[in-house]
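In what follows, a single structure is set out as structure tokens and then discussed.
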Amino acid sequence: MAKEVTNREENYSQWYNNLVVKADLAENSAVRGCMVIKPYGYAIWEKMQDKLDSMFKETGHQNAYFPLFIPKSFLSREAEHVEGFAKECAVVTHHRLMNDPNGSGVVVDPAAKLEEELIVRPTSETIIWNTYKGWIKSWRDLPLLINQWANVVRWEMRTRLFLRTAEFLWQEGHTAHATAQEAIEETQKMVEVYAKFARETLALPVVVGHKSEAERFAGAVDTLCIEAMMQDGKALQAGTSHFLGQNFAKAFDVQFANKEGKLEYVWATSWGVSTRLMGALIMAHSDDNGLILPPKLAPIQVVMVPIYKGDEQRDAILNRMDELKKELAALGVTVKIDDRDNLRPGFKFAEWELKGVPVRIAIGPRDLENGVVELARRDTLTKESVAQEGLAEYVKGLMDTIQENIYAKALKFRDENTRKVDSWEEFKEEIEKGGFLLCHWDGTKETEERIKEETKATIRCIPTDSFVIEEEGTCIYSGKPSKQRVIFARAY
RNA sequence: CGGGAUGUGGCGCAGUUGGCUAGCGCACUUGGUUUGGGACCAAGGGGUCCUCCGUUCGAGUCGGAGUAUCCCGACCA
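Count along the first sequence from 1, then add 2; that gives the number in this note's numbering.
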């Protein structure tokens, strides 16, 4: 345990990997590109799930579950969709093993070849729309608002814990509507749900916007997204919401009888966020001492560390801690008392800081005598002496303060690293410094592609809030006219 | 899939021009002393040195092939 997290400035990705492992969130598995999420990491993910799930329910959605396997023919029904995912699909070709006739273990039984190969879902649009065909007959069946919590597989070349793994956990919403307008509204509604969740729960100041054509989801008419900025100045796409038009309805022949009795194709949306949010959370807030968790996501919100000499002091302090824990629990604050006897306080302090626990309370014999505790905040690394009387209420309030402070700090960082750039020379210089660059763009794929080739920067989004800057200007690359600034950045 | 690097107890590493019983730090176990910012002492347990083939009296060390992981590209939520 003794080794600290490495320095952020020196090597950001090493710092990140180190932190994920040391804070006990996840580790690489024996399977290439796949990750084991450890209990502490999973507890944070569960908190995200709970919050999101209740937000989905509030907006009228229901959960369901669809198969892991997708027949190959389904995937190829929508041309752009299959093209987008073809290069990263895991394929099941056989359904049985047998003993190797040469006596060396087991081999695939050639006789068990599947008639049609199965794709391990990289996303579920196809299997879901194939199913919806049977569910939707009339305008009375609409809207159909369904979400699924699932795992998906995308065989990526290079993987990173949480940010890009071959298998990941996510939720994917798939809705069907009678009109384009209603589907577009759903797309917007859900990206707003994500933005609210990111801001209020993850303490992540995200920008909402549209993807450019080049960055759009394979098979979508329009993709909305939330984009966040990490502490190294790179952008991270934290969630997407797609207006799919009638593309999938046509590919899977999903029609409904409208009020006039005429058949129409339905309008679709899909939207998702993944365990990548864990990566966003870690990279946006943590420091060289370890993780910094917003109180709303911390599996342990308060850790209590006793400081004592001998059993008598130990018992007295632990008893007092139990009482304080009950008071805090009554106000909904999650408390852990670290009563391990084989470790010294200093070690415990460092360890809980590494794990990002928002508040630490230490009680020693002196504090017990004076009726106070030593309270340390993870976000500011400050310590203060607080009376035991009324401690629970104080800590309860502090949870909100810390939540807001973490958000404010991230927002300040983002704003300090966001700037307008008006010339190509300046752009090439500024992009090296990281951050968001607000620039005029002529709206063409070609220009975006050239800029990407020359600088590795992509259009993160065409913002619809936070930075809506509608003004006439000229494209930084082509010099052609532009009506609005877009966000350029290097991204994960 | 291109370019580079690395595989030695759980983790991090050392191991010289081939040489005898493969070592160190951390972690782990037991006992004791400790405990207000990462404790100390003592005694222990744990290794087919990535795999296969080759060279050699002798290979962790040299050669070849394979394989895995990491980093940089291309691809991506």
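All C-beta atoms in this analysis are idealised placements derived from N, C-alpha and C, irrespective of residue type, glycine included.
Keep in mind the model is a prediction, meaning the values are calculated, not measured.
Check, Outcome
"Just to confirm before moving on: does the CB-CB distance between residue 420 and residue 445 stay below 9 angstroms?", "no"
"Spatial neighbours of residue 98 within its chain, please: CB distance less than 6 angstroms, with the 5 preceding and 5 following residues excluded, ordered by chain position.", "111 and 114"
"Using a Cβ-Cβ cut-off of 8 angstroms (strictly less than) and excluding sequence neighbours within five positions of residue 126, which residues of its own chain qualify?", "68, 72, 150, 152, 154, 174 and 176"
"Kindly indicate which three-state DSSP category residue 422 falls into: helix, strand or coil?", "strand"
"Could you tell me if the beta carbon of residue 314 falls within a distance shorter than 8 angstroms of some heavy atom in the ligand PLP?", "The model depicted lacks the ligand PLP and carries no ligand whatsoever."
"With a Cβ-Cβ cutoff of 9 angstroms, do residue 2 and residue 239 count as a contact?", "Nothing can be reported for residue 2, as the shown portion of the chain is limited to 3 through 494."
"Which residue's Cα is closest to the Cα of residue 474: 331, 485, 302 and 383?", "485"
"Would you say the region 282 to 297 touches the region 15 to 25, given that touching needs at least three Cβ pairs under 8 angstroms?", "yes"
"Could you pull out every residue in the same chain whose Cβ sits closer than 8 angstroms to the Cβ of residue 160, ignoring the five residues on either side in sequence?", "166"
"Output the residue ranges of the alpha helix (DSSP H) runs that lie fully inside the region 339 to 417 and measure 4 residues or longer, sorted by chain position.", "347 to 356 and 367 to 372"
"Measure from the alpha carbon of residue 499 to the alpha carbon of each residue in 319, 307 and 46, then state which is nearest.", "Outside the shown range of the chain (3 to 494) lies residue 499, about which nothing can therefore be said."
"Compare the beta carbon distance of residue 46 and residue 206 with 9 angstroms and say whether it is the shorter of the two.", "no"
"Taking the straight line between their C-alpha atoms, what separation do you get for residue 389 and residue 368?", "13 angstroms"
"Going along the chain, which residues of its own chain have a beta-carbon closer than 7 angstroms to the beta-carbon of residue 245, five neighbours each way excluded?", "185, 186, 189, 222, 223, 224 and 271"
"Hey, could you find the ends of the beta strand (DSSP E) residue 80 is sitting in?", "Counting along the chain, residue 80 falls outside any beta strand (DSSP E), and DSSP gives it neither H nor E."
"So, is residue 399 buried or exposed, given that buried needs 16 or more other C-beta atoms within 10 angstroms?", "exposed"
"Touching or not, the region 246 to 264 and the region 139 to 148, by the rule of three or more beta carbon pairs under 8 angstroms?", "yes"
"Assuming residue 214 contacts residue 450 (C-beta within less than 8 angstroms), just tell me the rounded distance between them.", "6 angstroms"
"So for residue 487, helix, strand or coil by DSSP?", "strand"
"Using beta-carbon positions only, say whether residue 255 and residue 74 come within less than 9 angstroms of one another.", "no"
"Using alpha carbons as the reference points, say which of 305, 273, 310 and 359 lies closest to residue 338.", "305"
"Restricting to runs no shorter than 3 residues, where is the beta strand (DSSP E) found entirely within the region 245 to 286?", "257 to 259, 265 to 267 and 269 to 276"
"When you compare only the Cα positions, how much space is there between residue 137 and residue 328?", "50 angstroms"
"Classify residue 115 as helix, strand or coil using the three-state DSSP reduction.", "strand"
"Which stretch, first to last residue, makes up the alpha helix (DSSP H) that contains residue 41?", "41 to 60"
"Between residue 491 and residue 439, what straight-line distance do the alpha-carbon atoms span, to the nearest angstrom?", "6 angstroms"
"How about residue 302 and residue 277: are their beta carbons less than 9 angstroms apart?", "no"
"In whole angstroms, what is the alpha-carbon distance linking residue 403 and residue 416?", "20 angstroms"
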